[in-house]
Amino acid sequence: MDLSVSIGSLRLANPLIAASGCFGYGVEYAGAVDLAALGAVAVKGLFLAAREGHPPPRIVETPSGMLNAIGLQGIGVHRFVAERLPELRRHGAVVIVNICGTTIDEYVELARILSDAEGVAALELNISCPNIKEGGITFGCSLTGTHAVVSAVRKVTRLPVIPKLTPNVTDVASFARAAEEAGADAVSLVNTFLAMAIDVETRRPRLSNIVGGLSGPAIRPIAVRMVYECRQAVRLPIIGMGGIANTTDVLEFLIAGATAVQIGTANFVDPLLWSGVLEGLRAYMERHRIGAIGELTGSLDTSRREHAWISS
Amino acid sequence: MDLSVSIGSLRLANPLIAASGCFGYGVEYAGAVDLAALGAVAVKGLFLAAREGHPPPRIVETPSGMLNAIGLQGIGVHRFVAERLPELRRHGAVVIVNICGTTIDEYVELARILSDAEGVAALELNISCPNIKEGGITFGCSLTGTHAVVSAVRKVTRLPVIPKLTPNVTDVASFARAAEEAGADAVSLVNTFLAMAIDVETRRPRLSNIVGGLSGPAIRPIAVRMVYECRQAVRLPIIGMGGIANTTDVLEFLIAGATAVQIGTANFVDPLLWSGVLEGLRAYMERHRIGAIGELTGSLDTSRREHAWISS
Amino acid sequence: MLADVDATVLENRRLSEHYSVLVLDAPPIAAVTQPGQFVMLKPAQGSDPLLRRPFSVFEILRGPAGEPAAISILNKRAGVGTALLYDVEPGTTIRCLGPLGKPFEAVRPPAEAWMVAGGVGLAPFVTLATRLEELGTPATLFYGARTASELYYVELFEALGVRTVLSTEDGTRGVRGRVTAPLRDTLSATPDTTDIRLYACGPTPMMRAVARLAADHRRPCDVSLEQVMGCGLGGCYSCVVLTTLPGGTPHFVRSCIEGPVFDARHLVWEALEG
Amino acid sequence: MLADVDATVLENRRLSEHYSVLVLDAPPIAAVTQPGQFVMLKPAQGSDPLLRRPFSVFEILRGPAGEPAAISILNKRAGVGTALLYDVEPGTTIRCLGPLGKPFEAVRPPAEAWMVAGGVGLAPFVTLATRLEELGTPATLFYGARTASELYYVELFEALGVRTVLSTEDGTRGVRGRVTAPLRDTLSATPDTTDIRLYACGPTPMMRAVARLAADHRRPCDVSLEQVMGCGLGGCYSCVVLTTLPGGTPHFVRSCIEGPVFDARHLVWEALEG
Ligand SMILES: Cc1cc2nc3c(=O)[nH]c(=O)nc-3n(C[C@H](O)[C@H](O)[C@H](O)COP(=O)(O)OP(=O)(O)OC[C@H]3O[C@@H](n4cnc5c(N)ncnc54)[C@H](O)[C@@H]3O)c2cc1C
Ligand SMILES: Cc1cc2nc3c(=O)[nH]c(=O)nc-3n(C[C@H](O)[C@H](O)[C@H](O)COP(=O)(O)OP(=O)(O)OC[C@H]3O[C@@H](n4cnc5c(N)ncnc54)[C@H](O)[C@@H]3O)c2cc1C
Ligand SMILES: Cc1cc2nc3c(=O)[nH]c(=O)nc-3n(C[C@H](O)[C@H](O)[C@H](O)COP(=O)(O)O)c2cc1C
Ligand SMILES: Cc1cc2nc3c(=O)[nH]c(=O)nc-3n(C[C@H](O)[C@H](O)[C@H](O)COP(=O)(O)O)c2cc1C
Ligand code: FES
Ligand code: FES
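Chains as they are written, first to last, in our numbering: chain V, 276 to 587; chain Y, 276 to 587; chain R, 84 to 357; chain B, 84 to 357.
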């Protein structure tokens, strides 16, 4: 039974990836989860410099979801390379580094630094974080911006380049196309949905940042649709995510068109879920006589049942 | 205590409106709910002609939400005017008619017919139904389309004109602006989010229509954010909706910027919720010494707390 | 008439790994429920799962003075909601809306009523059998299940004067095979002069077969359908079934308010899933 | 070390309308929990509410052979999750992840340990008091609540050899007023030569006041904070508190893995809500 998948030149042992921002720098989980058993670990979004992020409250629970406005607190790329990367390597993790910049030059600089570092498997370009005003999302909401960031990074690295798309757009498939044209090796989607929650007693926003990003099971049906749309639009591998909490959810994304998936919010609820989900995938493949998990990708059967008895 | 609100020239006794497509033609609920006690009833989306809609399955439950692809089954405007409207009038309902067309001419024709009918309080232009291919959503996803439909209908009716906006766009506030410029009296938002669900055992879509619209508590935080954004962009009254299930949720939309709200999916779960929500609003206003509910609209306090001790 | 009750679970009798009978304290609903009507239950607090689930009223239970006091539900585990209801402990409250839907019309003597139930399709027939007994209508229950241990409440029907014809797929009780086999035999053996009305509830393939038998033997047949229902009140148009009047064009009607009981001849059976 | 247990609720003792003690069958967690550590509980099946909630391990309960067998949680209703836990019936299973967080460091004699608890802030102190008893460290508990009936488990602490100083806001038991009043008085009356370490847990204003008193009297003070926590494992960065080292710049650290216990001097108290 073959669970491995390819994302550009990168071969993953299985399609399960810890989602960026939901798994710290990976090392936090090394005592609880066998990092080498994951397809990959997408580490917390990194800027060039260290950042403090937004003041608390940074998260709010919502029905079947949560809002976050962490504001990309982080240690910066240099400390990451010096301190976290060696540890991740020691644990045998396949590391996807999620990078954020406020200018194209910053993305390029980050890509250069990480291309020279040992133990980086791929770059995920965060052009979709809804929680910071500067940069990032500006690129992610404009086709030319997306194209520009991806092609600039493409020029300076041989690592697989994976722009991460925002769902806060009218036509996500056109962004996947722009990424493909600019030389991306894959796209990942979705980042969080811009959203907010209000404390009606104080009439103040529940997040210090006013708005935040919605993630978790609540958004899954929208994310699945977006993966499905992108699958029709591009040939690139798609890394799908948004509300995945169990084996069935993973399968839904694969069948809709994803080659691999990321699990974010559900990891907060159920940090030890990985091995169970993997086992569930194996059981499903056995039951359905599927030899290689790649066969599932985009295998949705949309042939209409016959409804000859009614016109509309 | 004043619970009444104004939507253009229309004065509603309270801000609670039954959402279109979630309350049949209203008459179905006459035995269970006092229709005259609602702010208004938005009836199921009407085309000129009768339609059968999509084959079942038409709905799927999702985490804290549901997908629907009803396909606007309906009796057509003529039967509505002849059969349902008189009954609604008898029950004392304030009737908002939700209209759908595949061309601007159809919207205009519907508006004409309904303007001549007795007992129509306002027209809600459904340019945002994600479940039908023709028309509607095409206007709702284009600024010029939105402007064109609204101004065409504006010319032929003195009824309040309320375009209903789709959330499936990058910048919903720009659509509110287009509606305002075209002469709308209010905007209502949000309609459902385009989404899908897959049966992983059969690898087929769970809805006969493949995709459907996500509604319910799951989407509330996104809908609140969109209302808040539109509040910054236009002076028009906003009718807010998306996942409202109780008094607190109503208050969240009002504080974000809505003048009135619609309740859709929650009415399926809790069809007798109306009087309790209204009572809840009264209790809140008493507790917070609010004389007129309009004072709440857009009263979100976004002044930042002092965070002098940290820069970012 | 319609009530939405915060019903306390008085009892949850597990009949097997899959079936339980949930007794709900709901006097206003018990007082007015007609045979074959249903209620909408909210299986959990919070919004996951979000929607209510439709369940036939199984029994109407009476208090010491004979007043309708509670209803019971025959619950079969099918997914998340029915599993939550199966697990529920007495003392919990469950929101219960009803009664809903068009009831069965019970025929009067000299006509006979033949009820045909498959599995959990038994649920709407206790209320119907009770009404038939009141009317003095001769009643038969054809009742099929997978295996003997899944044939429930047979004695209850017998106590209501109902003749029972049982079948199991594995032959552990009654006729071996589908419930439609004894039905076919009995229909064939019954003279045309006997006025019979069929009532069926169960899996769609079973009801389809019963409808065909009824048509073949020119017997009127009412079926109680189990469509997915978003609201139960006619608000959402999720529960539609394709119906057609003789010579008419097919048309989707809402099974929550125009059903769940339909004249089998009015349904476009090919359009029903299952 | 870390375990995620499907823990059966063995008991749910309602102490009052707001408080209950939930006993959870979780031997692997009971076996390794250190004083002041916490667990993350999933209050309901399904995804509403979605996230787990952090709770201090209140007691470690032992089986017949003295082996750690279960833990208890002192649960105070604050919102949807704690209300669900308050209502939970024995027999239900609850997912329980732990133990988590940095424990209290118990001082050794001749130093003394003074614990200061406000309301449900009592929770982490049973495990600490147990450790202190093992070490032979003289221990005092300053414990305040709204009213006498909300002062729980005082005897348990006394049985562990802890001197208790009680206060209630309404004066129904112990000193009338805030717990910080007797603490201030006792601190002032204690010679500088006595080596004392303070440990505090309770509402933020209380902890802030204790931290100030500790600073005034130059006593070391550890506080256990209750930040909103998304994951409890360092994954989400939701639970941060602003800390600062003498002369350093303020910096957000994750209270789930760098806390919940902090040296009071390292916290930027003005930045804490409440
Ligand atoms: C009028 C009526 C009366 C019914 N009476 C009974 C009864 O007395 N006892 C009983 O056990 N069941 C009865 N049902 C069926 C029961 O409503 C479904 O089994 C239940 O809704 C499934 O919910 P779930 O959460 O367990 O399943 P889900 O997890 O929601 O889905 C599991 C499966 O059940 C199907 N399903 C979901 N909702 C419905 C629905 N509303 N109706 C039918 N199938 C559905 C789904 O398509 C899926 O295949 C009745 C249904 C109707 C319409
Ligand atoms: C390390 C730690 C140990 C704790 N130990 C205990 C304990 O032993 N007993 C006990 O009763 N409570 C304890 N708490 C607090 C408890 O976690 C919260 O009361 C609980 O999470 C609230 O959940 P809810 O669903 O009831 O409230 P919600 O409905 O989610 O919210 C209600 C209120 O509680 C606040 N809140 C939400 N989540 C948290 C959180 N994670 N921490 C603090 N406040 C929160 C919200 O901001 C809101 O004001 C502890 C918290 C922490 C961080
Ligand atoms: C607390 C939190 C922090 C996140 N931080 C990042 C980030 O740094 N970079 C990024 O690309 N996405 C970030 N995300 C988005 C997730 O990676 C993921 O795209 C999103 O949460 C949807 O998946 P989920 O529903 O499985 O969580 C974050 C999400 C959460 C909840
Ligand atoms: C079953 C169903 C049918 C709907 N039909 C219509 C419709 O005919 N016209 C329309 O404008 N919106 C329609 N909607 C959208 C709702 O009016 C509302 O905008 C949306 O459901 C969000 O609100 P809610 O979360 O309260 O349901 C429908 C929604 C549902 C769930
Ligand atoms: S269930 Fe909603 S219309 Fe029938
Ligand atoms: S709770 Fe997630 S990092 Fe602390």
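Glycine is no exception: its CB is placed at the ideal position from the N, C-alpha and C atoms. Computed from a predicted structure; not experimentally measured.
Non-local C-beta neighbours of glutamate 195 (chain B) in its own chain, meaning closer than 6 angstroms and more than five positions away in sequence, comprise Pro221 and Ile279, ordered along the chain. For tyrosine 282 (chain R), there is no enclosing alpha helix (DSSP H); the residue is part of the beta strand (DSSP E) that begins and ends at 279-284. Listed along the chain, the chain R residues whose CB falls inside 9 angstroms of the CB of alanine 127 (chain B) are Ala127, Gln128, Gly129 and Asp131.
Not a single C-beta of chain R is nearer than 8 angstroms to the C-beta of serine 490 (chain V). Any heavy atom of ligand 5 counts here; residues with a Cβ closer than 6 angstroms to one of them, in chain order, are R:Met312, R:Gly313, R:Cys314, R:Gly315, R:Gly317, R:Gly318, R:Cys319, R:Tyr320, R:Ser321, R:Cys322, R:Arg337 and R:Cys339. Residue environment: lysine 159 (chain R) is assigned as buried (16 or more neighbouring CB atoms within 10 Å of its CB, all protein chains considered).
CA-CA distance, glycine 376 (chain V) to leucine 389 (chain V), rounds to 14 angstroms. Here DSSP, grouped into helix, strand and coil, assigns cysteine 416 (chain Y) to coil.
Using a CB distance cut-off of 8 angstroms, serine 281 (chain Y) does not count as an interface residue toward chain B. Counting C-beta atoms within 10 angstroms of its own C-beta, lysine 439 (chain Y) has 16 or more neighbours from the protein chains shown and is therefore classed as buried.
Look at glutamine 537 (chain V): its beta carbon is less than 7 angstroms from one of the heavy atoms in ligand 3.
The stretch 107-124 of chain R and the stretch 181-192 of chain R touch, with no fewer than 3 CB-CB distances between them shorter than 8 angstroms. Pairing glycine 318 (chain R) with glycine 299 (chain Y) gives a Cβ-Cβ distance under 8 angstroms. Annotated as proximal: alanine 288 (chain V) and glycine 314 (chain V), with beta-carbon spacing under 8 angstroms. In this structure, isoleucine 374 (chain V) keeps its C-beta atom at 8 angstroms or more from the C-beta atom of leucine 342 (chain V). Contacts with chain R at 8 angstroms (Cβ-Cβ) include proline 338 (chain V). The nearest non-hydrogen atom of ligand 3 is less than 7 angstroms from the C-beta of glycine 518 (chain V). Three or more Cβ pairs closer than 8 angstroms define a contact, and the stretch 540-553 of chain V meets that threshold against the stretch 306-317 of chain B. For the stretch 470-482 of chain V, the set of positions with a beta-carbon nearer than 7 angstroms to some beta-carbon of chain Y reads Ala470, Met471, Ala472, Ile473, Val475, Arg478, Arg479 and Pro480 in chain order. Annotation: the continuous alpha helix (DSSP H) that includes tyrosine 559 (chain Y) extends over 549-562. Setting aside the 5 residues that flank it on each side, threonine 175 (chain B) is surrounded in the same chain by Thr91 and Val92, each with a C-beta closer than 8 angstroms to its C-beta; the list follows chain order. One Cα belongs to leucine 575 (chain V), the other to histidine 563 (chain V), and the distance between them is close to 14 angstroms. The closest CA to that of serine 578 (chain Y), considering only V:Leu398, V:Arg286, V:Ile565 and V:Thr477, is found on V:Thr477.
For phenylalanine 187 (chain R), the secondary structure class from DSSP, reduced to helix, strand or coil, is coil. Chain order gives no chain B residues near glutamate 100 (chain R), where near means a beta carbon separation below 9 angstroms; the closest approach is about 17 angstroms. The residue among B:Leu124, B:Arg267, B:Arg178 and B:Leu215 with its C-alpha nearest the C-alpha of histidine 300 (chain B) is B:Arg267. The secondary-structure analysis by DSSP pairs tryptophan 197 (chain R) across a beta bridge with R:Thr223 and R:Leu281. Contact check for valine 318 (chain V) and glycine 306 (chain V): beta-carbon distance about 17 angstroms, past the 8 angstroms limit, so the pair fails to qualify. In summary, the residues of the stretch 523-556 of chain Y whose CB is separated from some CB of chain R by less than 8 angstroms are Thr540, Asn542, Phe543, Val544, Asp545, Pro546 and Leu547, in the order they occur in the chain. For valine 475 (chain V), the Cβ stays outside the 7 angstroms cut-off from all heavy atoms of ligand 3.
When secondary structure is reduced to three states using DSSP, arginine 479 (chain Y) falls in the strand class.
Annotation for glycine 491 (chain Y): no beta strand (DSSP E) segment contains it, and DSSP assigns it neither H nor E.
For the C-beta of phenylalanine 298 (chain V), the chain B residues within less than 7 angstroms are, from N- to C-terminus, Gly318. Rounded to the nearest angstrom, the gap between the Cα atoms of glycine 330 (chain B) and alanine 325 (chain V) is 19 angstroms. Proline 442 (chain Y) carries a coil assignment under DSSP once its states are collapsed to helix, strand and coil. For a cut-off of 8 angstroms, the C-beta gap from histidine 366 (chain V) to leucine 310 (chain V) is around 4 angstroms, short enough to register as a contact.
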